[in-house]
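A.B. asks: Dropping the structure in here first, questions after.
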Amino acid sequence: MSPTRVFAALAALGTFVLLALAPGLGNDYTTSLLINLMLYGVLATAWGLFCGTTRYISLATVAFFGVGSYTVAVLGERLPWPLVLLAAAAIGALLALLVGLVTLRLSGTYFVIFTFGMTELLRQVVNWYESKVAGSVGRYVFVDAASPGFIHGQLLVLLALVLALGWWFGRSRLGFALRLIGEDEQAARHCGVDTTRAKLLAFTLSSVFMVLAGAIVAPRWTYIDPAIAFNAIVSFQVVIMALLGGTARFWGPVLGVVPLVLLFELLVKYFPNHFPIVLGVVFLLIVYALPRGVVGWVLERGRKRGASR
Amino acid sequence: MSAPLLQVRGLSRAFGGLRAVDALSFDAGEGEIVGLLGPNGSGKTTALNLISGALVPDRGSVRFAGAELAGAPAYRVVRAGIARTFQLVRVFRSMTVRENVQAGLRFGRSARHGGHRDDEQALLDRVGLGAQAARMASELTYIDQKRLELARALALQPRLLLLDEWLAGLNPSELVEGVRLIRALHEAGMTVLMVEHVMDAIRSLCDRCVVMNSGARIAEGTPAEVLSDARVVQAYLGDDDLEAADV
Chain A
41 MSPTRVFAAL
51 AALGTFVLLA
61 LAPGLGNDYT
71 TSLLINLMLY
81 GVLATAWGLF
91 CGTTRYISLA
101 TVAFFGVGSY
111 TVAVLGERLP
121 WPLVLLAAAA
131 IGALLALLVG
141 LVTLRLSGTY
151 FVIFTFGMTE
161 LLRQVVNWYE
171 SKVAGSVGRY
181 VFVDAASPGF
191 IHGQLLVLLA
201 LVLALGWWFG
211 RSRLGFALRL
221 IGEDEQAARH
231 CGVDTTRAKL
241 LAFTLSSVFM
251 VLAGAIVAPR
261 WTYIDPAIAF
271 NAIVSFQVVI
281 MALLGGTARF
291 WGPVLGVVPL
301 VLLFELLVKY
311 FPNHFPIVLG
321 VVFLLIVYAL
331 PRGVVGWVLE
341 RGRKRGASR
Chain B
52 MSAPLLQVRG
62 LSRAFGGLRA
72 VDALSFDAGE
82 GEIVGLLGPN
92 GSGKTTALNL
102 ISGALVPDRG
112 SVRFAGAELA
122 GAPAYRVVRA
132 GIARTFQLVR
142 VFRSMTVREN
152 VQAGLRFGRS
162 ARHGGHRDDE
172 QALLDRVGLG
182 AQAARMASEL
192 TYIDQKRLEL
202 ARALALQPRL
212 LLLDEWLAGL
222 NPSELVEGVR
232 LIRALHEAGM
242 TVLMVEHVMD
252 AIRSLCDRCV
262 VMNSGARIAE
272 GTPAEVLSDA
282 RVVQAYLGDD
292 DLEAADV
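Keeping their order, the protein sequence lines are chains A and B.
In terms of this note's numbering, the first sequence opens at residue 41 and continues consecutively.
In terms of this note's numbering, the second sequence opens at residue 52 and continues consecutively.
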């Protein structure tokens with residue numbers, strides 16, 4: 041292993057140890073901020089796993105996130121917590137397979153629009169069901185798994201798992217297949233890649249992480265309704281974060297999460313009414329200034345330096 | 052005599068009212084170079100797409116080494132032993148030359164798992180890209196991208212190679228080099244089906260040619276035979292020029 045890699049591994053390990061100890065060291069505010077950071081860390085990394093490598097830009101992140109939250113709202117008081125998480129993962133995987141089978145034949149803009157539309161559809165269906173069948177639009181979430189420390193710990197494990205999966209993708213045949221799909225899907229097929237299977241598998245894995253993230257943080261809200269759980273802004277934020285970080289490496293999206301979560305935190309506090317405008321401007325700036333994200337910029341510089349030597 | 056390696060029978064595909072490939076039948080024997088000729092729009096590329104699994108035929112059969120491949124997805128066609136190149140070069144542009152060949156090695160017939168640097172190098176040397184392994188595919192010149200595409204196809208360890216105008220757009224010296232490469236493959240026992248417009252290359256490489264027009268086969272034989280066939284001349288040049296043309 042090269043010294044840089046050893047250093048990177050140690051830095052990552054140190055960060056995780058520090059994060060694990062953080063709830064004891066800081067106050068309620070820092071813990072809540074860290075929960076937010078790790079939540080988006082999981083979502084953006086999971087998004088990058090599939091969408092970053094294959095370049096299928098999905099706006100369905102919040103659909104899976106919302107399904108996770110609703111699973112907790114419905115089953116939270118009836119089942120023990122581990123079973124609730126398991127149920128959420130299973131429902132999410134099933135939904136992802138279904139959506140994947142329908143949509144992954146679409147490409148480019150059509151896929152983007154379909155995922156966005158599907159999220160809205162899901163929100164409306166839940167809305168309709170809650171108001172017509174269940175009787176009230178919102179639900180209270182009272183479960184034992186609501187302490188910030190516990191949520192923090194679960195998210196930390198989930199983040200470690202999704203990053204580990206990303207690391208494995210980087211060296212596995214599946215990950216290589218996804219990169220080939222991102223480069224040129226037709227050529228990938230003619231190289232012997234079973235593209236449908238690879239896409240479906242990766243899309244499902246990525247979605248399961250989003251569902252679990254939604255399930256884990258649901259107890260924080262105590263009250264959810266479809267507008268909160270399926271808030272489309274979340275999908276856009278995840279895309280922006282992943283793009284800022286860059287998706288050429290599995291650890292890229294996290295680099296975008298940290299500055300943007302902090303920025304959004306400030307915006308919500310000081311400019312709550314102008315939030316969507318600033319979000320749009322930030323999006324434009326990133327696409328113009330860093331089209332391939334921080335990771336792409338660093339890699340490009342490295343290559344240039346290597347070439348000029 | 053055993054059955055030919057590739058047997059195409061009654062292959063058809065229509066796009067709306069246009070019958071792009073219409074009941075096409077031909078064979079390619081083990082070790083042969085077969086040219087697939089015809090004027091623009093005669094259905095040659097569609098035929099290759101049908102054989103390679105890029106498109107699903109409406110009717111017909113593609114038997115390859117005893118297995119029926121008509122309608123099979125592309126990756127299964129590849130694993131059965133058919134590799135192709137594209138009319139407009141399709142390399143994995145933001146990957147290195149080496150990674151492009153790895154793609155073939157890792158997902159091809161033998162589906163080996165990484166770490167075969169020797170094979171990559173051997174393949175790259177074979178097409179003359181040995182010194183460029185670490186460069187990005189997008190940085191290569193047009194001919195080198197074509198070579199890379201060929202190396203990637205060879206990495207799949209095919210028994211049949213489909214070349215879609217692989218020699219088009221090359222300058223005269225590159226053309227000589229390209230013809231030499233294909234001949235070397237032929238001598239190593241590879242079966243090749245090539246769509247091509249470069250007549251010199253067809254004459255010097257092909258054992259047999261199949262000529263298509265409006266989706267159907269209009270002639271078959273040695274290059275000299277088909278190029279002097281009246282129907283072929285008519286297909287390329289039209290009726291009025293039939294007497295003047297002396298191919």
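Beta carbons: idealized from backbone N, C-alpha and C, even for Gly.
Give every residue of the same chain whose Cβ lies closer than 7 Å to the Cβ of R64 (chain B), excluding the five residues on either side of it in the sequence, and list them in chain order.
C.D. replies: Around R64 (chain B): A71, V72, T97, L101, L106, P108 and D109.
A.B. asks: Alpha carbon to alpha carbon, how far is L240 (chain A) from L125 (chain A)? Give it in angstroms, no decimals.
C.D. replies: The straight-line gap from Cα to Cα measures roughly 22 Å.
A.B. asks: Could you please give me the residues that DSSP links to Q58 (chain B) through a beta bridge?
C.D. replies: DSSP output for Q58 (chain B) lists B:D78 and B:R114 as bridge partner(s).
A.B. asks: Can you give me the C-alpha to C-alpha distance between F47 (chain A) and G296 (chain A), rounded to a whole angstrom?
C.D. replies: If you take the alpha carbons of F47 (chain A) and G296 (chain A), they lie about 21 Å apart.
A.B. asks: I'd like to know whether the C-beta of E223 (chain A) is nearer than 7 Å to at least one C-beta of chain B.
C.D. replies: Yes, E223 (chain A) lies at the interface with chain B (some Cβ there is under 7 Å from its Cβ).
A.B. asks: Using the beta-carbon count (16 or more within 10 Å), is G67 (chain B) buried or exposed?
C.D. replies: Answer is exposed; the Cβ neighbour count stays below 16.
A.B. asks: Return the first residue and the last residue of the beta strand (DSSP E) that R154 (chain B) is part of.
C.D. replies: The residue you asked about is not Arg; residue 154 (chain B) is Ala in the sequence shown. Element bounds for A154 (chain B): not the beta strand (DSSP E) but the alpha helix (DSSP H), V148 to F158.
A.B. asks: Assuming T96 (chain B) is part of the beta strand (DSSP E), what are its boundary residues?
C.D. replies: Careful: T96 (chain B) lies outside any beta strand (DSSP E), inside the alpha helix (DSSP H) at K95 to S103.
A.B. asks: Using DSSP bridges, identify the partner residues of Y180 (chain A).
C.D. replies: Answer is A:Y263.
A.B. asks: Between the beta-carbon of G132 (chain B) and the beta-carbon of T242 (chain B), is there less than 7 Å?
C.D. replies: It is not a contact, given that the beta carbons lie outside the stated cut-off.
A.B. asks: Which residue or residues does DSSP assign as beta-bridge partners of R289 (chain A)?
C.D. replies: In DSSP, R289 (chain A) forms no bridge with anything.
A.B. asks: Measure from the C-beta of V327 (chain A) to each C-beta in chain B and report whether the shortest distance is under 7 Å.
C.D. replies: Judged by the 7 Å Cβ criterion, V327 (chain A) is not in contact with chain B.
A.B. asks: Give me the chain A residues within the contact set of R157 (chain B), using Cβ-Cβ distance strictly less than 7 Å, ordered along the chain.
C.D. replies: In chain order: R213 and F216.
A.B. asks: What are the boundary residues of the alpha helix (DSSP H) that N167 (chain A) is part of?
C.D. replies: Per DSSP, N167 (chain A) belongs to the alpha helix (DSSP H) from G148 to W168.
A.B. asks: Can you pull the chain B residues whose beta carbon is under 9 Å from the beta carbon of A227 (chain A), in chain order?
C.D. replies: Going along chain B in sequence order, the residues near A227 (chain A) (Cβ under 9 Å) are F137, R141, V142, F143, A154, E200 and R203.
A.B. asks: Going by other Cβ atoms of all chains shown within 10 Å of its Cβ, with 16 needed for buried, is E247 (chain B) buried or exposed?
C.D. replies: Classification for E247 (chain B): buried.
A.B. asks: For G336 (chain A), which residues of its own chain have a beta-carbon under 6 Å away from its beta-carbon, when the five flanking residues on both sides are left out?
C.D. replies: So the list reads G286 and A288, once near-sequence residues are dropped.
A.B. asks: Short of 6 Å in beta carbon distance, which residues of its chain neighbour F304 (chain A), apart from the five on each side in sequence? Order them along the chain.
C.D. replies: Nothing meets the Cβ criterion.
A.B. asks: Enumerate in chain order the residues of its own chain whose CB-to-CB distance from R135 (chain B) is below 6 Å, with the five nearest sequence positions on each side excluded.
C.D. replies: Cβ neighbours of R135 (chain B) beyond the five flanking positions: S103 and L213.
A.B. asks: Please state whether DSSP places F56 (chain A) in a helix, a strand or coil.
C.D. replies: Looking at F56 (chain A) - three-state DSSP - the assignment turns out to be helix.
A.B. asks: Counting only Cβ pairs nearer than 7 Å, list the residues of chain B close to L220 (chain A).
C.D. replies: Under the 7 Å cutoff, chain B gives F143 and A154.
A.B. asks: Figure out for me which residue from B:L218, B:A121 and B:G117 has the closest Cα to the Cα of G61 (chain B).
C.D. replies: G61 (chain B) has its Cα closest to that of B:A121, out of B:L218, B:A121 and B:G117.
A.B. asks: Could you tell me which chain A residues have their CB closer than 7 Å to the CB of R130 (chain B), listed as they occur along the chain?
C.D. replies: Neighbours of R130 (chain B) on chain A, chain order: G232.
A.B. asks: Are the CB atoms of A252 (chain B) and V230 (chain B) nearer to each other than 7 Å?
C.D. replies: The answer is yes: Cβ separation under 7 Å.
A.B. asks: At 8 Å on the CB atoms, spell out the chain A contacts of S112 (chain B), in chain order.
C.D. replies: Result: empty, since nearest Cβ-Cβ is about 21 Å, beyond 8 Å.
A.B. asks: Just the C-alpha distance for A269 (chain A) and Y180 (chain A), rounded to the nearest angstrom, thanks.
C.D. replies: Whole-angstrom Cα-Cα distance: 13 Å.
A.B. asks: Rounded to whole angstroms, how far is the Cβ of L207 (chain B) from the Cβ of G272 (chain B), which I believe are closer than 8 Å?
C.D. replies: Not a contact, Cβ separation roughly 30 Å.
A.B. asks: Nearest-angstrom Cα distance between G166 (chain B) and S76 (chain B)?
C.D. replies: Confidence at G166 (chain B) is low in this model, with a pLDDT of 49, below 50, so its placement is unreliable and the value that follows should be read with caution. G166 (chain B) and S76 (chain B): Cα-Cα distance of roughly 42 Å.
A.B. asks: Using 8 Å as the cut-off, can you tell me whether the stretch 187–200 of chain B makes contact with the stretch 144–153 of chain B, which would need three or more C-beta pairs spanning the two stretches below that distance?
C.D. replies: Taking 8 Å as the limit for Cβ pairs, the verdict is that the stretch 144–153 of chain B does touch the stretch 187–200 of chain B.
A.B. asks: Use the C-beta contact count for S187 (chain A): other C-beta atoms within 10 angstroms, 16 or more gives buried, fewer gives exposed.
C.D. replies: So S187 (chain A) counts as exposed.
A.B. asks: When the Cβ atoms of the stretch 65–80 of chain A are set against those of the stretch 222–242 of chain A, are three or more pairs found closer than 8 Å?
C.D. replies: Result no; under three Cβ-Cβ pairs closer than 8 Å.
A.B. asks: With contact counted as at least three CB pairs below 8 Å, one residue from each stretch, are the stretch 205–217 of chain A and the stretch 53–69 of chain A in contact?
C.D. replies: Contact between the stretch 205–217 of chain A and the stretch 53–69 of chain A is absent, because fewer than three Cβ pairs lie under 8 Å.
A.B. asks: Is the distance from the Cβ of D224 (chain A) to the Cβ of Y126 (chain B) below 7 Å?
C.D. replies: No, Cβ-Cβ distance for D224 (chain A) and Y126 (chain B) is not below 7 Å.
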